[in-house]
Amino acid sequence: MSVDKNIDNEKDLLEEVENKEWLQSLDYVLNTYGSERVNRLLRKLHIHARKAGVNIPFTANTPYINTIPLDKQENFPGSIEIERRIRSYIRWNAMAMVVRANRHNDGIGGHISTYASAATLYDIGFNHFFRARTEKQEGDIIYFQGHASPGIYSRAFLEGRLDIEHLENFRNEISSEKGLSSYPHPWLMPDFWQFPTVSMGLSPIMAIYQARFNRYLEDRGLKKETDSKVWAFLGDGETDEPETLGAITLASREELDNLIFVVNCNLQRLDGPVRGNGKIIQELEAIFRGAGWNVIKVIWGNDWDPLLAADKDDILVDRMQKAVDGDYQKYIVEPGSYIREHFFGTDPRLKKLVEHYTDEQLERLRRGGHDTEKVYTAYKAAMENKGSPTVILAKTIKGYGLGESGEGKNITHQQKKLNEDELKEFRTRFGIPISDEDVSKAPFYKPDENSKEIIYLKKCRERLGGAIPKRNTKITKFKMPSNEIYKEFIDGSGNREVPTTMAFVRILSKLLRDKNVGELIVPIVPDEARTFGMEALFRQVGIYSHVGQLYEPVDKETLLYYKEALDGQILEEGITEAGSMSSFIAAGTSYSTHGINTIPFFIYYSMFGMQRIGDLVWAAGDMKCKGFMIGGTAGRTTLAGEGLQHQDGHSHLLAYPVPNLLAYDPAYAYEIAVIIKNGMERMYVKGEDIFYYLTVMNEGYIQPPMPKGSEEGIIKGIYKLSSSDNKDSKIKISLLGSGTILNESIKAKKVLEEDYDLSVDLFSVTSYKELYKDCLETERWNMLHPSEISKSPYVRKIIDDDSDIIVAASDYVKTLPESVSSWLPAKCISLGTDGFGRSASREDLRSFFEVDYRYIVLASLYGLSKDIKVNTELVQKACKKFDIDTTKDNPFIS
Ligand SMILES: Cc1ncc(C[n+]2csc(CCOP(=O)(O)OP(=O)(O)O)c2C)c(N)n1
Ligand SMILES: [Mg+2]
């Protein structure tokens, strides 16, 4: 036994000597030739060891310490003390805002602990980095974490942008003129917030595509090259959202060094720890490093520096590495004695390291994200980094400063009320000059305008160009494209059968050539250009690529080759509807962020729009985004063969809830032309805060010329295509058709007139949503003005009052016509495509979903029979005549 031990000792000794020699050599190289040389040497060693068969385990992680060592720390250019005081006041008011709101109105909500943890991260940005947009500078774009909004308001209060009445009315937007939105909502605070960020995961993906769009504008010569940055502040829990991390490789691939993520790693989310059994910072480091980002970890504050310097054998670093986030959370809520025993007490050498520290000192050892100098250093490094995006992983404490009332506790995210003692503790901890008598009221505190703090705060912002956040509401001049573009579509296609998809692509291609708007058009496709017949545009305007085209494309010899170019205009996003929508948002809000009226056309498979990325569409609405979303190869029965997951018969219904989204299901090329022309004028000339959703279909048919005077109806949602040829009949049917199903209504009209001698008027419905909005508005007006002459909704002016029955058919769910049916002059029977699609021909699908002309005829006769206008027998006979299987399952559930 003892002999073995000696051998072991000898081995250990030898290893120690070897370690020393190697480390000394490394130090020599480092001191003589610098870190680049060390890197090269280590690479060489790595290869050498591999060749010799040494299996080196992969790790994308660096040790659990700050990325930037103490000797590389920047000198802080401001006054730490004044900034600490400013931050304390902001903290107090942010907390008081939530506490007071909930006293006024129990359950109104709000968050204290998110901003409490992020205060330093924001303050350093506000005081030293975030540049405002001015005449002279482009400014930075900042995505604030939604739940941190009280802190942002609180700063605006100290700056004098908001007053006490505003703060008093946090989350009270209806009964007060000065109400403040719960979260960043440009729709509700249009000259303050720019980006709605509260639906977690949307802000990071939007920020990535925003940074890329800024580059796109520069590469295409639409704006000057600048060093402005896009900053996105995220929660660590937020990184679980697929959108948060789903596009990070785009940022590194495109070398977006204009992009900085700051992840506030307070180790907690709403219910509890983000990674109790692991370490979120290490997990994110590996992911971002693997994706090619510049990762800066800010884990430990200055007061750990002497301990780390004394940790010659890396025992402390090992211990830091071993403790999991659940442990680190526990150290916040327990006293210093617990930290001494459980963190340092695991190794006598560690215990010795802190033997001269009091328990109180151990308790106060700060985390990096609360350390002014560490955060400043990280931001500066991020600003100076070239060639890749940067992510700063800053370790903080959730509910910092809340003490017993929530600091580091699992309930902290939901903490909205503080009692008198808790308020006192907070006040004392941050040194807010509020007396014991007053503190229970949680009054707001603002130092005198001439105080050092206010002067300092304002100077910082003046130096950086002014206050932020600030949304630009000015409209930039816009010149409409030539009317000539639309002429061929208004005139019709003659004998040529053309699908509306093709007509749209032609309009787009002409707009791209227009001298007024050509360069402003931003076509965006998620790998579907060929599906929509858009490949000619590859060559015409090129596909945007920051590096141009480094290879010879395989189809170089062909006319329509795959052309990538630095000044390419198409954003070919690959298979990411979420990414494409983020580009759409960046381009559609560029009128405000950059004062450049880019007009995005986002062309995609309609099935993968509203239902897949509906939340981004909602965000686009909130931020007053403009542009055209084009749902291609739409319609549950028009997209033949593709089956259940592709065939869209409901995206128009999903467009209903977005208040400022106009949704159209046009049947004819001229309808598309009218809608686009009108849309451009409303959005860019009149400055209306609306955007558009149009579906286009891939079934070819003759595109007729536009009937004179139908523009208004096309835009408002319905117009008469033809009156009955059969004027003598006493029975009148009104047929409503949309999209390609309009052709079935046309066929049905013929049968009803010729075979049944009935009178049929035919209408094209371009938008049930527009009709519905108008009906609601009219009804509402009538209700609120009972003594005045009632108004009629538009649809009532178009469909004749003497209709006996109305049959509405479309390639979408029946809810669309049903939504207006109570305002129609007669009973309406809706035919539509409720249910799962399936692979079949158009003909079979229309029969299956009961939307073909036979069903339109049947529904018309049935409707009339209910009113005893025709005989029931006639309906029965029609079933036979049209070979309709009356025992067939309902497509809704089959
Ligand atoms: C998409 C989405 N899901 C859920 C929520 C509700 N929610 C708000 S904050 C929060 C926890 C946030 O944790 P984290 O991202 O770590 O931010 P922290 O407050 O800790 O900084 C949750 C679940 C939301 N806002 N968005
Ligand atoms: Mg968190």
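Here the numbering used here = 1-based position in the sequence shown + 650.
Glycine included, each C-beta is placed from N, C-alpha and C at the ideal position.
As the structure is a computational prediction, the values presented were derived from the model and not from experiment.
Q. To the nearest angstrom, how far is it from the Cα of Tyr1241 to the Cα of Gly1293?
A. Working through the sequence shown from its first residue, we reach residue 1241 at position 591. Working through the sequence shown from its first residue, we reach residue 1293 at position 643. Looking at the two C-alpha atoms, the distance is approximately 39 Å.
Q.
Checking 8 Å against the spacing of the C-beta atoms, do Thr1027 and Gln723 come in under that value?
A. Within the sequence shown, the letter at position 377 stands for residue 1027. Within the sequence shown, the letter at position 73 stands for residue 723. Yes. Within cutoff.
Q) Does at least one heavy atom of ligand 1 sit under 7 Å from the Cβ of His797? A) Taking the sequence shown and counting its residues from 1, one reaches residue 797 at position 147. In this structure, the C-beta of His797 approaches ligand 1 to less than 7 Å from one of its heavy atoms.
**Q.** Residues of its chain near Gly961, where Cβ-Cβ distance is below 8 Å and the 5 sequence neighbours each way are ignored
**A.** For the purposes of this step, residue 961 is identified with residue 311 of the sequence shown, where counting begins at 1. Residue identity check: residue 961 is Asp in the sequence provided, not Gly. Cβ neighbours of Asp961 beyond the five flanking positions: Val967 and Leu1003.
(Q) Under DSSP, the beta strand (DSSP E) around Trp881 begins and ends at which residues? (A) Translated into positions along the sequence shown, residue 881 becomes position 231. Where Trp881 is concerned, the enclosing beta strand (DSSP E) stretches over Val880 to Gly885.
**Q.** Limits of the unbroken beta strand (DSSP E) element including Cys915
**A.** Within the sequence shown, the letter at position 265 stands for residue 915. Leu909 to Cys915 is the extent of the beta strand (DSSP E) around Cys915.
Q: Under 8 Å by Cβ, that's how I've got Ile949 and Ile931 pegged, so tell me the actual separation to the nearest angstrom.
A: Numbered from its first residue, the sequence shown carries residue 949 at position 299. Numbered from its first residue, the sequence shown carries residue 931 at position 281. Contact holds; Cβ gap of about 6 Å.
Q.
With H, G and I counted as helix, E and B as strand and the rest as coil, what does DSSP make of Met651?
A. The sequence position of residue 651 within the sequence shown is 1, counting from 1. Its pLDDT being 44, under 50, Met651 is placed unreliably by the model, and the measurement read from it follows with that caveat. Three-state DSSP puts Met651 in coil, outside helix and strand.
Q.
For ligand 1, I want to know if Asn1060 counts as a neighbour, meaning its beta carbon is within less than 7 Å of at least one of the ligand's heavy atoms.
A. By one-based count along the sequence shown, residue 1060 stands at place 410. No, since every heavy atom of ligand 1 falls outside the 7 Å radius drawn around the Cβ of Asn1060.
Q) Should Leu1210 be labelled buried (16 or more other beta-carbon atoms within 10 Å of its own) or exposed? A) Within the sequence shown, residue 1210 is the residue found at index 560, counting from 1. Counting Cβ neighbours within 10 Å, Leu1210 comes out exposed, since fewer than 16 surround it.
Q: Tell me whether Asp886 counts as near ligand 2, meaning its Cβ is closer than 7 Å to at least one heavy atom of that ligand.
A: Position 236 of the sequence shown, counted from the start, is the residue given in the question as residue 886. For ligand 2, at least one heavy atom lies less than 7 Å from the Cβ of Asp886.
Q | Residue(s) in a DSSP beta bridge with Trp950 | A | Counting from 1 along the sequence shown, the entry for residue 950 is found at position 300. According to DSSP, Trp950 bridges with Arg1017.
Q | Whole-Å CB distance - Asn916 paired with Ile1047, under 8 Å assumed | A | Your numbering for residue 916 matches position 266 in the sequence shown. Your numbering for residue 1047 matches position 397 in the sequence shown. Confirmed, about 6 Å.
Q: Return the first residue and the last residue of the alpha helix (DSSP H) that Cys1425 is part of.
A: Your numbering for residue 1425 matches position 775 in the sequence shown. From DSSP, the alpha helix (DSSP H) with Cys1425 extends over Tyr1418 to Leu1434.
Q.
Just checking Arg1017 against ligand 2 - is the residue's beta carbon closer than 7 Å to any of the ligand's heavy atoms?
A. In the sequence shown, residue 1017 corresponds to position 367, counting from 1. It does not: the Cβ of Arg1017 is nowhere closer than 7 Å to a heavy atom of ligand 2.
**Q.** Euclidean distance between Cα positions of Asp1378 and Thr1536
**A.** Position 728 of the sequence shown, counted from the start, is the residue given in the question as residue 1378. Position 886 of the sequence shown, counted from the start, is the residue given in the question as residue 1536. Spanning the two alpha carbons is a distance of roughly 32 Å.
(Q) At a threshold of 7 Å, does Met856 count as lining ligand 1 (C-beta to nearest heavy atom)? (A) Here residue 856 corresponds to residue number 206 of the sequence shown, with the count starting at 1. Outside the cutoff, so no.
Q. Going by beta carbon distance, what residues of the same chain come within less than 8 Å of Lys1213, once the five residues before and after it are set aside?
A. Taking the first residue of the sequence shown as position 1, residue 1213 is located at position 563. So the list reads Phe1188, Arg1189, Gly1192, Ile1193, Gln1199 and Pro1203, once near-sequence residues are dropped.
Q: Sort Glu1404, Thr1151, Ala1319 and Tyr1334 by Cα distance to Ile1280 and report the nearest one.
A: Along the sequence shown, read from residue 1 onward, the residue named residue 1280 stands at position 630. Ile1280 has its Cα closest to that of Thr1151, out of Glu1404, Thr1151, Ala1319 and Tyr1334.
Q. Are Lys1276 and Tyr1334 touching if we call contact CB-CB under 8 Å?
A. The count along the sequence shown starts at 1 and reaches residue 1276 at position 626. The count along the sequence shown starts at 1 and reaches residue 1334 at position 684. Yes. Within cutoff.
Q | Rounded C-alpha distance that separates Phe1182 from Arg1156 | A | Locating residue 1182 in the sequence shown gives position 532, counting from the first residue. Locating residue 1156 in the sequence shown gives position 506, counting from the first residue. Phe1182 and Arg1156: Cα-Cα distance of roughly 11 Å.
Q) Taking C-alpha atoms, which residue in Ile1174, Ile1322 and Asp1021 lies nearest to Glu1138? A) Stepping through the sequence shown from its first residue, residue 1138 is reached at position 488. Ranking the options by Cα distance to Glu1138, first place goes to Ile1322.
Q: With distances taken Cα to Cα, identify the nearest neighbour of His1300 among Met1257, Glu671 and Val974.
A: Taking the first residue of the sequence shown as 1, we reach residue 1300 at position 650. Closest option to His1300, Cα to Cα, is Met1257.
Q: Closer than 8 Å by C-beta to Ile946: which residues in its own chain qualify, once you throw out the five before and the five after it? Chain order, please.
A: Position 296 of the sequence shown, counted from the first residue, corresponds to residue 946. Cβ neighbours of Ile946 beyond the five flanking positions: Thr717, Ile718, Ala1028, Ala1031, Ala1032, Thr1040, Val1041, Ile1042 and Leu1043.
(Q) At the level of alpha carbons, what is the spacing between Leu812 and Ser804? (A) Position 162 of the sequence shown, counted from the start, is the residue given in the question as residue 812. Position 154 of the sequence shown, counted from the start, is the residue given in the question as residue 804. Cα-Cα distance, rounded: 8 Å.
Q: Could you give the DSSP three-state label for Trp1250: helix, strand or coil?
A: Within the sequence shown, numbered from 1, the residue matching residue 1250 stands at position 600. Contrary to the premise, residue 1250 reads as Pro rather than Trp in this sequence. If DSSP states are grouped into helix, strand and coil, Pro1250 belongs with the strands.
**Q.** Segment contact flag, the stretch 731-741 with the stretch 701-708, C-beta cutoff 8 Å, min 3 pairs
**A.** no
Q | Alpha-carbon spacing of Val653 relative to Ile898, whole angstroms | A | Numbered from its first residue, the sequence shown carries residue 653 at position 3. Numbered from its first residue, the sequence shown carries residue 898 at position 248. Low confidence applies to Val653: its pLDDT is 48, below 50, so where it sits in the model is not reliable enough to give any reading.
Q: With hydrogens ignored, establish whether the beta-carbon of Val1041 is closer than 7 Å to any heavy atom of ligand 2.
A: Position 391 of the sequence shown, counting from 1, holds the residue named residue 1041. For ligand 2, not one heavy atom lies less than 7 Å from the Cβ of Val1041.
Q. When you compare only the Cα positions, how much space is there between Met651 and Val688?
A. For the purposes of this step, residue 651 is taken as the residue at position 1 of the sequence shown. For the purposes of this step, residue 688 is taken as the residue at position 38 of the sequence shown. Bear in mind that a pLDDT of 44 at Met651, under 50, signals an unreliable position, so the number given afterwards is only what the model happens to contain. Straight-line Cα distance between these residues: approximately 42 Å.
Q. DSSP puts Ser1414 in a beta bridge; with which residues?
A. Sequence index remark: in the sequence shown, residue 1414 carries index 764 (1-based). Paired residues: Tyr1369 and Gly1387.
Q) Which residue or residues does DSSP assign as beta-bridge partners of Ala1313? A) As a position in the sequence shown, residue 1313 is number 663, starting the count at 1. Tyr1343, per the DSSP bridge assignment.
Q) Beta-carbon separation of Pro854 and Phe780 under 8 Å? A) Translated into the one-based positions of the sequence shown, residue 854 becomes position 204. Translated into the one-based positions of the sequence shown, residue 780 becomes position 130. Contact: no.
Q) Do Phe1154 and Val1415 come within 8 Å of each other at the CB atom, strictly closer than that value? A) By one-based count along the sequence shown, residue 1415 stands at place 765. By one-based count along the sequence shown, residue 1154 stands at place 504. No, they are not a contact pair.
Q.
Could you pull the DSSP bridge partners for Gln918 from this structure?
A. Reading the sequence shown from its first residue, position 268 is the one you call residue 918. Gln918 pairs with Pro923.
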